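Step one of this worksheet: look at the structure below.
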Amino acid sequence: AAGVIQSPRHLIKEKRETATLKCYPIPRHDTVYWYQQGPGQDPQFLISFYEKMQSDKGSIPDRFSAQQFSDYHSELNMSSLELGDSALYFCASSSNAGWATDTQYFGPGTRLTVL
Amino acid sequence: AQSVAQPEDQVNVAEGNPLTVKCTYSVSGNPYLFWYVQYPNRGLQFLLKYITGDNLVKGSYGFEAEFNKSQTSFHLKKPSALVSDSALYFCAVRADAGGTSYGKLTFGQGTILTVHP
Chain A
18 AAGVIQSPRH
28 LIKEKRETAT
38 LKCYPIPRHD
48 TVYWYQQGPG
58 QDPQFLISFY
68 EKMQSDKGSI
78 PDRFSAQQFS
88 DYHSELNMSS
98 LELGDSALYF
108 CASSSNAGWA
118 TDTQYFGPGT
128 RLTVL
Chain B
12 AQSVAQPEDQ
22 VNVAEGNPLT
32 VKCTYSVSGN
42 PYLFWYVQYP
52 NRGLQFLLKY
62 ITGDNLVKGS
72 YGFEAEFNKS
82 QTSFHLKKPS
92 ALVSDSALYF
102 CAVRADAGGT
112 SYGKLTFGQG
122 TILTVHP
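As structure tokens, then:
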């Protein structure tokens, strides 16, 4: 079965640079979520989209922005990168408009390292 | 606000023995509870979820979990552990705010399960 695809899988950036992470949800899934997992931490919710509209927002820094496109893929844009942004970034997708009962299926993650 | 607690950072069991990974939760509204497993350098894999109905939920790879409303717990169990079950396990919760919810998953801190041969 098709899974959530994330690219790139690994990314190395310098401080103050920008980064763009991409997420391709499972086919026919209409809701996308972004999470950040720091070293030894649990995943923290950043933001979610349903039908190209932002549906929920968590602890996402103002330096970050995201959007969902007409083909349902999503991009997380990160600017003015800081050392503390080094983390594993997960995208997840779900169907049925993201009802609370829906299962979120996670991608393999993008490991961002900021030097 | 919603929260999840996994009181044990690590659980060690011998192969073939039963295992339990503990989880307690706090939410306003109906709780929807999930277990995920994470292998090193991999994404989160869905194991099982509780929505409503039977308190004992069966999931992937022989895992099951028991929902206990009075104790606000959702412990993960397996009758006979395998070495390959060694991984990081996360319990997570979403709350039903009385209607459509596009909301986030809130995760516990994670429990490292080690199964010894």
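Residue numbers (the working numbering), protein chains in the order written: chain A, 18 to 132; chain B, 12 to 128.
Just so it is clear, CB atoms sit at the ideal spot from N, CA and C, and this is done for glycine as well.
Note that the structure is predicted; figures quoted are calculated from it, not measured.
Candidates the options, of which the one nearest residue i by Cα
i	options	result
threonine 35 (chain B)	B:Pro128, B:Gln120 and B:Ser95	B:Gln120
leucine 99 (chain B)	B:Asn23, B:Ala106, B:Ser14 and B:Leu44	B:Asn23
proline 42 (chain B)	B:Phe118, B:Leu55, B:Val104 and B:Ser14	B:Val104
threonine 127 (chain A)	A:Phe86, A:Ala18, A:Arg26 and A:Gly57	A:Arg26
glycine 20 (chain A)	A:Tyr41, A:Arg33 and A:Ser91	A:Tyr41
aspartate 96 (chain B)	B:Lys115, B:Ala16 and B:Tyr50	B:Tyr50
phenylalanine 118 (chain B)	B:Asn28, B:Phe57 and B:Thr63	B:Phe57
glycine 75 (chain A)	A:Lys32, A:Gln121, A:Pro60 and A:Asp88	A:Pro60
tyrosine 67 (chain A)	A:Pro125, A:Lys32, A:Pro78 and A:Ser110	A:Ser110
glutamate 34 (chain A)	A:Ser96, A:Cys108, A:Gly101 and A:Asp102	A:Ser96
leucine 124 (chain B)	B:Val48, B:Thr83 and B:Ala16	B:Val48
Terminal residues of the beta strand (DSSP E) in which residue i lies
i	result
alanine 76 (chain B)	75 to 79
cysteine 40 (chain A)	36 to 41
isoleucine 62 (chain B)	Isoleucine 62 (chain B) -> no beta strand (DSSP E), and no H or E assigned at all.
glutamate 92 (chain A)	91 to 95
glutamine 61 (chain A)	61 to 67
leucine 115 (chain B)	According to the sequence as given, residue 115 (chain B) is lysine; it is not leucine. Neither: lysine 115 (chain B) is in no beta strand (DSSP E) and is coded neither H nor E.
isoleucine 29 (chain A)	27 to 30
glutamine 121 (chain A)	Unbroken run through glutamine 121 (chain A): none, as it is neither H nor E.
serine 91 (chain B)	Neither: serine 91 (chain B) is in no beta strand (DSSP E) and is coded neither H nor E.
histidine 46 (chain A)	Premise fails: histidine 46 (chain A) is in no beta strand (DSSP E) and is neither H nor E.
aspartate 73 (chain A)	70 to 74
asparagine 23 (chain B)	21 to 25
Close Cβ partners of residue i (< 7 Å) along its chain, the five nearest in sequence each way excluded
i	result
alanine 104 (chain A)	Gln53, Gln54, Gly55 and Leu129
Neighbourhood of residue i by C-beta distance below 6 Å, restricted to the same chain and skipping five residues each side
i	result
asparagine 94 (chain A)	Thr37 and Ser82
leucine 30 (chain B)	Val24, Lys89 and Ala92
glycine 110 (chain B)	Because glycine 110 (chain B) sits at a pLDDT of 48, beneath the cut-off of 50, its placement in the model cannot be relied upon, and the point is left open.
phenylalanine 62 (chain A)	Tyr52 and Gly75
glycine 73 (chain B)	Lys89
phenylalanine 123 (chain A)	Phe107 and Ala109
Presumed contact (8 Å Cβ cut-off) between residue i and residue j, rounded CB distance
i	j	result
leucine 55 (chain B)	phenylalanine 101 (chain B)	7 Å
glutamate 19 (chain B)	threonine 122 (chain B)	5 Å
glycine 114 (chain B)	aspartate 73 (chain A)	5 Å
Close beta carbons around residue i, own chain, < 8 Å, minus the five adjacent residues each side
i	result
serine 112 (chain B)	Since pLDDT at serine 112 (chain B) reaches only 48, below the 50 mark, its modelled position is unreliable, and the value read off the structure follows with that caveat. Result list for serine 112 (chain B): Arg105 and Ala106, in chain order.
leucine 116 (chain B)	Phe45, Ala103, Val104 and Arg105
arginine 45 (chain A)	Ser112
glutamate 92 (chain A)	Thr37, Leu38, Lys39, Cys40, Ala83, Gln84 and Phe86
Inset, instruction - Report the residues of the region 67 to 80 of chain A with a CB closer than 8 Å to any CB of chain B, ordered along the chain. - result: From the region 67 to 80 of chain A, only Tyr67, Ser72, Asp73 and Gly75 have a Cβ closer than 8 Å to chain B.
Problem - Residues of the region 114 to 126 of chain B with Cβ closer than 7 Å to any Cβ of chain A, in chain order - result: Taking 7 Å as the cut-off between beta carbons, the residues of the region 114 to 126 of chain B near chain A are Gly114, Lys115, Leu116, Phe118, Gly119, Gln120 and Gly121, in sequence order.
Interface residues of the region 51 to 67 of chain B facing chain A [CB-CB below 7 Å]: Taking 7 Å as the Cβ-Cβ cut-off against chain A, the residues of the region 51 to 67 of chain B that qualify are Arg53, Gly54, Leu55, Phe57, Lys60 and Ile62.
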